[in-house]
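Undergrad:
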Amino acid sequence: MKLRLLTLGFAAAAFAAGCSDDNSSTAPATEAGVRVVHASPDAPSVDVLVDDTQVLSAVPYLGSSSYLEVPSGTRNVKVNAAGTSTTVIDADLPLTAATDYTVIAGGLVSDIAPLVLEDDRSAPSSGNVKVRAVHGAPSAPAVDIYVTAPGADLQAATPALTNVPFGAASDYLTVPASDYQVR
């Protein structure tokens with residue numbers, strides 16, 4: 383159960399960290415920004431290739447990259463077991479110029495697949511933060527997601543999202559800036 387919650391919590395934290403104080407993409411006008419997250423709990427560390435050029439090496443489970451500048455257009459993305467030519471994901475991804483994406487390698491290794499999310503890195507309104515949750519625990523059923531004060535009693539709380547299936551990502555939630563626990 384802790385692994386399931388850790389995977390879910392990591393995904394939520396990774397997306398919250400993607401928020402920026404500036405209102406535009408960091409990618410130049412002819413490129414897309416692509417961040418990669420390794421969220422397959424039984425997969426080894428991985429190498430990531432874009433159009434057969436290695437761009438990341440030995441990314442561990444729950445590891446993530448910063449945004450990489452990638453030429454826009456349809457790009458072939460491969461995920462290989464680290465240090466090998468064993469490909470576990472081989473996908474052609476359409477990438478729009480000046481748009482940022484998070485690509486999550488998720489699921490168990492036998493069913494690993496990319497989840498491609500378009501990121502909104504624009505700043506939230508003053509005094510607020512944005513968070514996005516992803517159900518990243520492949521063996522867990524649909525879940526309710528709570529955004530509460532740390533240690534709050536869930537029996538008295540209302541879920542921010544309900545019945546979220548594996549592989550689903552929420553829209554961005556805007557909440558007042560504070561300390562939160564996402565469960």
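For what it's worth, our numbering labels the leading residue of the sequence shown as 383, then goes sequentially. Note that CB positions come from ideal geometry on N, CA and C, so glycine has one too. Predicted, not measured: the structure shown is a model, and the values here were computed from it.
#1: Strictly by DSSP, which residues pair up with ILE527?
#2: Using the C-alpha atoms, what's the distance from TYR554 back to ALA480?
#3: Under 7 Å Cβ to Cβ from ASN510, same chain only, skipping five residues before and after it: list those, please.
#4: From what residue to what residue does the beta strand (DSSP E) around VAL437 run?
#5: Does SER446 come out as helix, strand or coil in the three-state DSSP assignment?
#6: Going by alpha carbons, who is nearest to ASP501 out of THR540, THR484 and THR412?
#7: Compare the C-alpha of VAL491 against each of SER552, GLU451, SER422 and SER508 and name the closest.
#8: Report all residues from its chain with a CB closer than 6 Å to the CB of ASP474; omit the five preceding and five following residues, and keep chain order.
#9: SER483 lies in the beta strand (DSSP E); which residues open and close that run?
#10: Does the distance from the CB of THR412 to the CB of PRO442 come in under 8 Å?
#11: If you run the structure through DSSP and keep just helix, strand and coil, what is ASP501?
#12: Applying the criterion that 16 or more other CB atoms from any shown protein chain within 10 Å of the CB defines a buried residue, is GLY488 buried or exposed?
#13: According to the neighbour-count rule (16 or more other Cβ atoms, all chains shown, within 10 Å of its Cβ), is PRO545 buried or exposed?
TA: A quick look at the data gives this:
#1: Note: ILE527 sits in a beta bridge opposite LEU543.
#2: Approximately 19 Å, taken between the alpha carbons.
#3: Shown here for ASN510: same chain residues with a beta carbon closer than 7 Å to its own, the five before and five after excluded, namely THR556, VAL557, PRO558 and ALA559 in chain order.
#4: Where VAL437 is concerned, the enclosing beta strand (DSSP E) stretches over 435-441.
#5: SER446 falls in the strand class under three-state DSSP.
#6: Of the candidates THR540, THR484 and THR412, THR484 places its Cα closest to the Cα of ASP501.
#7: Per the C-alpha coordinates, the member of SER552, GLU451, SER422 and SER508 positioned closest to VAL491 is SER422.
#8: Closer than 6 Å at Cβ, skipping near neighbours: THR456 and ASN458.
#9: The sequence shown places Tyr at residue 483, not Ser. Run containing TYR483: 482-488, per the beta strand (DSSP E) assignment.
#10: Contact flag unset, no.
#11: Reduced to three states, the DSSP call for ASP501 is strand.
#12: So GLY488 counts as buried.
#13: Reading off the sequence shown, one finds Asn at residue 545, where the question assumed Pro. By the C-beta density criterion, ASN545 is exposed, having fewer than 16 other C-beta atoms within 10 angstroms.
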